[in-house]
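Number of protein chains: 2
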Amino acid sequence: MSSNPLAVREHGPRYLWIREQLVRMILDGGFKGGAPLPPEGQLARHFGVALGTLRKAIDELVARKIVERVQGKGLFVAAYDTQAAMRLFRIVDASGVKQLPNFDRVLGIRTRAAGANERLRLGLARDEKVVELRRTRTFADGAVMLESICLPGSRFADFKARLGTQRPVLLYDFYEQEYGVRIVGVESRLRAVSATADDAKEMGLRAGHPLLEVERVAFELDARPVELRTTLCDTTEGRHYLDVPG
Amino acid sequence: MSSNPLAVREHGPRYLWIREQLVRMILDGGFKGGAPLPPEGQLARHFGVALGTLRKAIDELVARKIVERVQGKGLFVAAYDTQAAMRLFRIVDASGVKQLPNFDRVLGIRTRAAGANERLRLGLARDEKVVELRRTRTFADGAVMLESICLPGSRFADFKARLGTQRPVLLYDFYEQEYGVRIVGVESRLRAVSATADDAKEMGLRAGHPLLEVERVAFELDARPVELRTTLCDTTEGRHYLDVPG
DNA sequence: AAGTGGTCTAGACCACCGT
DNA sequence: CGGTGGTCTAGACCACTTT
Numbered sequence: 000m001s002s003n004p005l006a007v008r009e010h011g012p013r014y015l016w017i018r019e020q021l022v023r024m025i026l027d028g029g030f031k032g033g034a035p036l037p038p039e040g041q042l043a044r045h046f047g048v049a050l051g052t053l054r055k056a057i058d059e060l061v062a063r064k065i066v067e068r069v070q071g072k073g074l075f076v077a078a079y080d081t082q083a084a085m086r087l088f089r090i091v092d093a094s095g096v097k098q099l100p101n102f103d104r105v106l107g108i109r110t111r112a113a114g115a116n117e118r119l120r121l122g123l124a125r126d127e128k129v130v131e132l133r134r135t136r137t138f139a140d141g142a143v144m145l146e147s148i149c150l151p152g153s154r155f156a157d158f159k160a161r162l163g164t165q166r167p168v169l170l171y172d173f174y175e176q177e178y179g180v181r182i183v184g185v186e187s188r189l190r191a192v193s194a195t196a197d198d199a200k201e202m203g204l205r206a207g208h209p210l211l212e213v214e215r216v217a218f219e220l221d222a223r224p225v226e227l228r229t230t231l232c233d234t235t236e237g238r239h240y241l242d243v244p245g
Numbered sequence: 000m001s002s003n004p005l006a007v008r009e010h011g012p013r014y015l016w017i018r019e020q021l022v023r024m025i026l027d028g029g030f031k032g033g034a035p036l037p038p039e040g041q042l043a044r045h046f047g048v049a050l051g052t053l054r055k056a057i058d059e060l061v062a063r064k065i066v067e068r069v070q071g072k073g074l075f076v077a078a079y080d081t082q083a084a085m086r087l088f089r090i091v092d093a094s095g096v097k098q099l100p101n102f103d104r105v106l107g108i109r110t111r112a113a114g115a116n117e118r119l120r121l122g123l124a125r126d127e128k129v130v131e132l133r134r135t136r137t138f139a140d141g142a143v144m145l146e147s148i149c150l151p152g153s154r155f156a157d158f159k160a161r162l163g164t165q166r167p168v169l170l171y172d173f174y175e176q177e178y179g180v181r182i183v184g185v186e187s188r189l190r191a192v193s194a195t196a197d198d199a200k201e202m203g204l205r206a207g208h209p210l211l212e213v214e215r216v217a218f219e220l221d222a223r224p225v226e227l228r229t230t231l232c233d234t235t236e237g238r239h240y241l242d243v244p245g
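Protein sequences, first through last, are from chains P and G. In this text, residue positions in the first sequence follow numbering that gives the first Met the number 0: the first is 0, and each later residue adds one. In this text, residue positions in the second sequence follow numbering that gives the first Met the number 0: the first is 0, and each later residue adds one.
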């Protein structure tokens, strides 16, 4: 159905056009993470192109981790399993092993006016508010991270109530389940800072202790920024941030 | 010539086999950065495969930034132009612009026994020595970075004399010209540390100032580590390390 | 056995670059 | 103009998964 093989379309390679159609299909078609997509042959007929062309479009979505191929089974919308989280979370312990820290304690959830940096990074309008969640996370060895998470208030209504008593390790799962927000990419800025008295108290360190500050912006499929997360982490015991450029 | 289309070869897709042949061709064939490769049609005939298969092999090398395609002109071995350097160098100034800091001053070049970390990261034998270059680099705004660069002595003979009075901003160019060593990938570990008295003096800061320490290992085409570089950078004036996962 | 993705072929035509 | 890479086709056969 629909199809319409050689419609008006012009400008640009067909596989790029198909790639965008597929993104919209996933976004608007109610495909959740892990959901199966139609088989390649069917998609090729639907778009009226050869299999090779359709595959080239899929290849790019696979490279972007938006779609997964499983031989003999089919195509699937990529899910936020632990593996994906591992790809975004880059702090590694002394033995070189990535280990997701627990969601330890909520320090506060509040809605407030956005600061200049939050407006910039999240692309907010002048008067838009943000929801801020402050929490601690702990590693297996007991080390504590301090995290502040800012979300655009307009898209995360009723955040405190919906989070309730949940303490999800992967907030991105929560965003998807509760708000239909799929994170597909991040961009991080790293700095070294000194622990303030408050930081130090919360993390069990002395004031002035050097901390790695990771400011991470998370993006949706359509490249809109949806989360600004600032993490403070002690990196003096072998723990470090690992960067392996693609 | 040679060719030998359907030789013993088995196990594994052909395009992977061809990809490895191409890597060896570049490594052993004396192709310098920027050198043109034979056209796709010729390579396809040489390996005895269809154009599409050859292109799939090339696609992977292009993705790894080992080969470049230029429409209408041909294939080229990727060069270390400033753009490639920008991809590896990830420190961004306050305005968000990447700017390569100058090679400011040599603090010392010496050959010495390798420490435990150097042996680990560079995969050195027990008794192998390293050449260490210590230098400062300065940004346009005057900020200073402190850098220690360790190389396996066995592969960088006569380093001090060959460097002479050169002050290349891109050491990787120097490695390629003088030693035929092509860097194609890096892996960085980041920590926050406190400036020692010596660091502080060299960088014009007070002791205890928080510094971002970037420990970067550079790899050759065949994945051998060839350089361990430790950089200390002041990140309190808006300067930061930018990480955009592929 | 039927259905899926993975590899491979042997062409075609287009867009771009140099002479 | 001829040569190059870029796109696209319409098939073929293989490897894997499920029924």
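Built from N, CA and C at the ideal position, the CB exists for glycine as well. None of the values given here were measured: they were computed from a predicted structure.
Taking the straight line between their C-alpha atoms, what separation do you get for residue i and residue j?
i, j, result
"HIS239/G", "GLU186/G", "17 Å"
"LEU74/P", "GLU175/P", "20 Å"
"PRO209/P", "ALA217/P", "25 Å"
"LEU241/P", "ASP126/G", "29 Å"
"ILE25/P", "TYR14/P", "16 Å"
"GLY32/G", "TYR79/G", "7 Å"
"LYS72/G", "LEU42/G", "15 Å"
"VAL22/P", "LEU220/P", "8 Å"
"LEU259/P", "PHE155/P", "Nothing can be reported for residue 259/P, as the shown portion of chain P is limited to 0 through 245."
"VAL66/G", "GLY28/G", "14 Å"
"LYS97/P", "THR229/G", "22 Å"
"GLU146/P", "ALA62/G", "35 Å"
"GLY40/P", "THR52/G", "21 Å"
"PHE173/P", "VAL105/P", "15 Å"
"LEU36/G", "ARG223/G", "24 Å"
"ASN3/P", "VAL48/P", "Because the pLDDT at ASN3/P is just 42, under 50, the model does not fix this residue reliably, and the value given afterwards should be weighed accordingly. Near 11 Å, if we compare the C-alpha coordinates of VAL48/P and ASN3/P."
"ARG18/G", "LYS55/G", "9 Å"
"PRO38/P", "ARG89/P", "34 Å"
"GLY107/G", "CYS149/G", "12 Å"
"LEU169/P", "ASN101/P", "9 Å"
"MET202/P", "PHE46/P", "55 Å"
"GLY246/P", "PRO244/P", "Any question about residue 246/P goes unanswered here, given that chain P covers just 0 to 245."
"ILE57/P", "ARG68/G", "22 Å"
"ILE182/P", "ARG86/G", "24 Å"
"LEU162/G", "VAL143/G", "22 Å"
"GLY11/G", "PRO12/P", "31 Å"
"GLY237/G", "SER94/G", "8 Å"
"PHE30/P", "GLU177/P", "15 Å"
"GLY122/G", "LYS128/G", "12 Å"
"LYS200/G", "LYS64/G", "39 Å"
"PRO167/G", "ARG136/G", "11 Å"
"LEU60/G", "ALA34/G", "15 Å"
Does the beta-carbon of residue i have 16 or more other beta-carbons within 10 angstroms, so that it is buried, or is it exposed?
i, result
"THR234/P", "buried"
"ALA112/G", "exposed"
"PRO151/P", "buried"
"ALA124/P", "exposed"
"LEU50/G", "exposed"
"ALA194/G", "buried"
"ARG205/P", "exposed"
"VAL7/P", "Reliability fails at VAL7/P, whose pLDDT of 46 lies under 50, so the model's placement of it is uncertain and the value that follows must be treated cautiously. So VAL7/P ends up on the exposed side."
Which residues mark the beginning and the end of the beta strand (DSSP E) in which residue i is found?
i, result
"VAL265/G", "Because chain G here runs from 0 to 245, residue 265/G falls outside it and cannot be looked at."
"ALA43/P", "Looking at the DSSP string, ALA43/P is not in any beta strand (DSSP E); the run it does join, the alpha helix (DSSP H), is 39 to 46."
"LEU99/P", "Per DSSP, LEU99/P belongs to no beta strand (DSSP E) and is neither H nor E."
"ARG68/P", "66 to 69"
"VAL76/G", "73 to 76"
"LEU241/G", "239 to 242"
Under 8 Å by Cβ, that's how I've got residue i and residue j pegged, so tell me the actual separation to the nearest angstrom.
i, j, result
"PHE138/P", "ASP92/P", "6 Å"
"LEU189/P", "VAL213/P", "6 Å"
"LEU99/P", "ALA115/P", "That pair is no contact at about 31 Å."
"ALA191/P", "LEU211/G", "4 Å"
"PHE158/P", "VAL130/P", "5 Å"
"ARG120/P", "LEU227/P", "5 Å"
"ASP103/P", "ARG134/P", "7 Å"
"GLY184/G", "GLY207/P", "Not confirmed; about 36 Å, so no contact."
Go to residue i, then tell me how far its alpha helix (DSSP H) extends in each direction, as first and last residue.
i, result
"ILE17/P", "13 to 27"
"ARG215/G", "Per DSSP, ARG215/G belongs to no alpha helix (DSSP H); it is in the beta strand (DSSP E), 209 to 219."
"VAL61/G", "50 to 62"
Check your understanding: Which parts of the segment 121 to 196 of chain P are runs of the alpha helix (DSSP H), unbroken and 4 residues or longer, counting only runs that do not cross its ends?
Key -> Correct list: 158 to 162, 170 to 178.
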